[in-house]
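Q: Could you have a look at this structure, given as structure tokens, before my questions?
Number of protein chains: 2
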Amino acid sequence: MSTPLLEQLIDALKVLPGVGAKSAQRMAYHLLERQRDGGRRLAEVLAQAMAQIDHCQRCRDFSETPLCALCASPSRDRHLLCVVETPADRLAIEQATGFRGLYFVLQGRLSPLDGIGPRELGLDLLAQRLEEGEVHELIVATNPTVEGEATAHYLAQLARARGVRPTRLAHGVPLGGELEYVDRGTLSHAFGGRVEIRE
Amino acid sequence: MSTPLLEQLIDALKVLPGVGAKSAQRMAYHLLERQRDGGRRLAEVLAQAMAQIDHCQRCRDFSETPLCALCASPSRDRHLLCVVETPADRLAIEQATGFRGLYFVLQGRLSPLDGIGPRELGLDLLAQRLEEGEVHELIVATNPTVEGEATAHYLAQLARARGVRPTRLAHGVPLGGELEYVDRGTLSHAFGGRVEIRE
Numbered sequence: 141m142s143t144p145l146l147e148q149l150i151d152a153l154k155v156l157p158g159v160g161a162k163s164a165q166r167m168a169y170h171l172l173e174r175q176r177d178g179g180r181r182l183a184e185v186l187a188q189a190m191a192q193i194d195h196c197q198r199c200r201d202f203s204e205t206p207l208c209a210l211c212a213s214p215s216r217d218r219h220l221l222c223v224v225e226t227p228a229d230r231l232a233i234e235q236a237t238g239f240r241g242l243y244f245v246l247q248g249r250l251s252p253l254d255g256i257g258p259r260e261l262g263l264d265l266l267a268q269r270l271e272e273g274e275v276h277e278l279i280v281a282t283n284p285t286v287e288g289e290a291t292a293h294y295l296a297q298l299a300r301a302r303g304v305r306p307t308r309l310a311h312g313v314p315l316g317g318e319l320e321y322v323d324r325g326t327l328s329h330a331f332g333g334r335v336e337i338r339e
Numbered sequence: 141m142s143t144p145l146l147e148q149l150i151d152a153l154k155v156l157p158g159v160g161a162k163s164a165q166r167m168a169y170h171l172l173e174r175q176r177d178g179g180r181r182l183a184e185v186l187a188q189a190m191a192q193i194d195h196c197q198r199c200r201d202f203s204e205t206p207l208c209a210l211c212a213s214p215s216r217d218r219h220l221l222c223v224v225e226t227p228a229d230r231l232a233i234e235q236a237t238g239f240r241g242l243y244f245v246l247q248g249r250l251s252p253l254d255g256i257g258p259r260e261l262g263l264d265l266l267a268q269r270l271e272e273g274e275v276h277e278l279i280v281a282t283n284p285t286v287e288g289e290a291t292a293h294y295l296a297q298l299a300r301a302r303g304v305r306p307t308r309l310a311h312g313v314p315l316g317g318e319l320e321y322v323d324r325g326t327l328s329h330a331f332g333g334r335v336e337i338r339e
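For the protein sequence lines, the chains are A and B, in the order given. Just remember that the numbering used here sits 140 ahead of the position in the first sequence, which is counted from 1. Just remember that the numbering used here sits 140 ahead of the position in the second sequence, which is counted from 1.
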């Protein structure tokens with residue numbers, strides 16, 4: 141009964157994460173009623189992005205050029221390489237820290253049951269890069285999950301075998317957290333890994 | 141530092157209602173990582189919808205044709221006309237009830253302070269339609285808000301002046317609601333408007 145094109149739009153919007161039938165409907169009506177220009181612009185940029193954004197040949201992050209802006213930058217420290225699971229993780233580290241080295245984006249984590257092995261994560265590319273000898277420290281910033289830890293373990297071995305020092309992010313009590321509400325695993329880890337208070 | 145096109149995409153996604161910087165980022169990465177085809181399809185349908193969907197000349201609902209499918213349908217009862225504020229309201233009534241009449245979509249409600257008067261809601265079009273004499277009953281289904289009620293009042297006068305019977309949706313305790321938790325206004329209204337229990 142409704143406009144077929146409108147139904148198509150509602151259906152197409154459901155491809156977005158966390159958007160169900162009701163939100164898609166609300167979005168479609170919002171765009172039609174109040175944001176025609178924004179909608180047109182979104183359609184344009186989206187088509188471009190889907191067609192042009194590929195992976196950086198060097199770090200596997202998203203990039204519209206063969207080499208991403210970061211890998212191509214001459215001002216980054218080529219001796220430090222930080223390995224992350226996703227582009228979102230890279231962005232989080234880039235925004236939160238003063239890290240001036242380079243990144244390598246796995247686009248996933250080791251998960252043999254899902255058929256995700258070293259090849260799928262581009263670890264051959266990483267191994268080759270470590271063998272080039274430019275990288276001195278491999279900062280492993282995978283997520284502190286079971287699969288992330290397994291991946292970290294694998295990466296550390298990969299680095300050591302090539303004479304590169306592997307490090308990983310410190311685990312412990314989050315800043316601003318209250319001990320009472322910190323989960324047991326984290327608290328136990330933070331307690332065991334306590335550090336000297338320096339003067 | 142990030143791909144400019146990716147940043148443009150994240151920015152463009154923020155036009156969607158309820159989508160901020162963080163969600164937009166998550167959506168962009170999701171589309172790039174897992175839903176390229178869906179993203180392409182969305183871009184295509186969105187561009188089409190923004191360009192082609194206009195308002196039905198008769199009911200003001202969204203339509204890609206001059207007359208929407210519903211207004212063009214020969215199987216609907218032309219004596220009943222239901223007035224709603226938005227296309228979403230029309231859809232809700234269409235999905236929930238067995239209503240077989242036609243609709244008129246105001247695309248808003250009377251709100252003099254925002255410069256929304258009878259002309260903006262297409263009430264001249266509605267008045268003209270009521271004068272044609274085909275409509276016998278005008279079902280006013282505006283929202284039970286202050287502005288919606290004012291609009292309903294205006295519409296009822298408009299109908300009466302043209303010999304059309306105005307009706308409105310019943311207000312009362314919602315089905316499945318518990319009296320204890322129903323707001324006072326609704327409860328008082330439902331109590332005052334109590335109806336005979338028929339055998």
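In this text, a Cβ means the ideal position worked out from N, Cα and C, and glycines have one as well. Since we're looking at a predicted model, the values are computed, not measured.
Going along chain B in order, which residues have a C-beta closer than 9 Å to the C-beta of His293(A)?
A: The sequence position of residue 293(A) within the first sequence is 153, counting from 1. Neighbours of His293(A) on chain B: none; closest Cβ ~24 Å, over 9 Å.
Q: Which term fits Val335(A), buried or exposed, when burial requires 16 or more other beta carbons within 10 angstroms of its beta carbon?
A: The residue you call residue 335(A) lines up with position 195 of the first sequence. With fewer than 16 Cβ atoms within 10 Å of its Cβ, Val335(A) is classed as exposed.
Q: Please list the partners that Gln188(B) has in chain A, where partner means a Cβ-to-Cβ separation under 9 Å.
A: Position 48 of the second sequence, counting from 1, holds the residue named residue 188(B). Those are Leu145, Gln148, Leu149, Ala183, listed as they occur along chain A.
Q: In the DSSP assignment, the beta strand (DSSP E) including Phe244(A) goes from what residue to what residue?
A: Reading the first sequence from its first residue, position 104 is the one you call residue 244(A). First-last of the beta strand (DSSP E) with Phe244(A): 242-245.
Q: Can you tell which of Ser251(B), Leu266(B), Glu260(B) has its C-alpha closest to the C-alpha of Val286(B)?
A: Position 146 of the second sequence holds residue 286(B). Looking at the Cα atoms, Ser251(B) is the closest of the given residues.
Q: Helix, strand or coil for Asp323(A) per DSSP?
A: If you number the first sequence from 1, residue 323(A) lands on position 183. The answer is coil: DSSP assigns Asp323(A) none of H, G, I, E or B.
Q: Does DSSP classify His276(A) as helix, strand or coil?
A: Looking up residue 276(A) in the first sequence gives position 136. If DSSP states are grouped into helix, strand and coil, His276(A) belongs with coil.
Q: Using the three-state DSSP reduction, which class does Ser328(B) fall into: helix, strand or coil?
A: Counted from its first residue, the second sequence places residue 328(B) at position 188. It is helical.
Q: Helix, strand or coil: how does DSSP classify Ala290(B) here?
A: Counting from 1 along the second sequence, the entry for residue 290(B) is found at position 150. The answer is helix: DSSP assigns Ala290(B) an H, G or I state.
Q: With DSSP as the reference, please indicate the residues paired to Ser251(B) in a beta bridge.
A: As a position in the second sequence, residue 251(B) is number 111, starting the count at 1. Its beta-bridge partners are Ile256(B).
Q: Within 10 angstroms of the Cβ of Leu242(B), are there 16 or more other Cβ atoms? Answer buried if so, exposed if not.
A: On the second sequence, position 102 is the one that residue 242(B) refers to. Classification of Leu242(B): buried, given that the 10 Å Cβ count is 16 or more.
Q: Using beta carbons (cut-off 8 Å, strictly below), is Ala152(A) in contact with chain B?
A: Position 12 of the first sequence, counting from 1, holds the residue named residue 152(A). Yes, because at least one Cβ of chain B sits closer than 8 Å to the Cβ of Ala152(A).
Q: Are there three or more Cβ pairs, one per stretch, closer than 8 Å when the region 194-211 of chain A is compared with the region 200-207 of chain B?
A: They do not touch, by the three-pair rule.
Q: Between the region 217-228 of chain B and chain A, which residues of the former have a C-beta closer than 9 Å to a C-beta of the latter?
A: So the list reads Thr226, Pro227, Ala228, given in the order they occur along the chain.
Q: For chain A, is any of its Cβ atoms less than 8 Å away from the one on Arg259(B)?
A: Along the second sequence, one-based indexing puts residue 259(B) at 119. No, Arg259(B) lies away from the interface with chain A (no Cβ there is under 8 Å from its Cβ).
Q: For chain B, is any of its Cβ atoms less than 8 Å away from the one on Leu327(A)?
A: Taking the first sequence and counting its residues from 1, the one referred to as residue 327(A) is at position 187. Leu327(A) does not count as touching chain B.
Q: Say whether chain E places a C-beta atom closer than 8 Å to the C-beta of Ile279(A).
A: Note that chain E does not occur in the displayed structure, where the protein chains are A and B.
Q: Taking Cβ-Cβ distances shorter than 9 Å, what residues in chain A pair up with Glu204(B)?
A: Translated into positions along the second sequence, residue 204(B) becomes position 64. Chain A residues near Glu204(B): Thr143, Pro144, Leu145, Leu146.
Q: Would you please verify whether the beta carbon of Gly333(B) is less than 8 Å from any beta carbon of chain A?
A: Walking along the second sequence from the start, residue 333(B) turns up at place 193. Output row for Gly333(B): interface = no.
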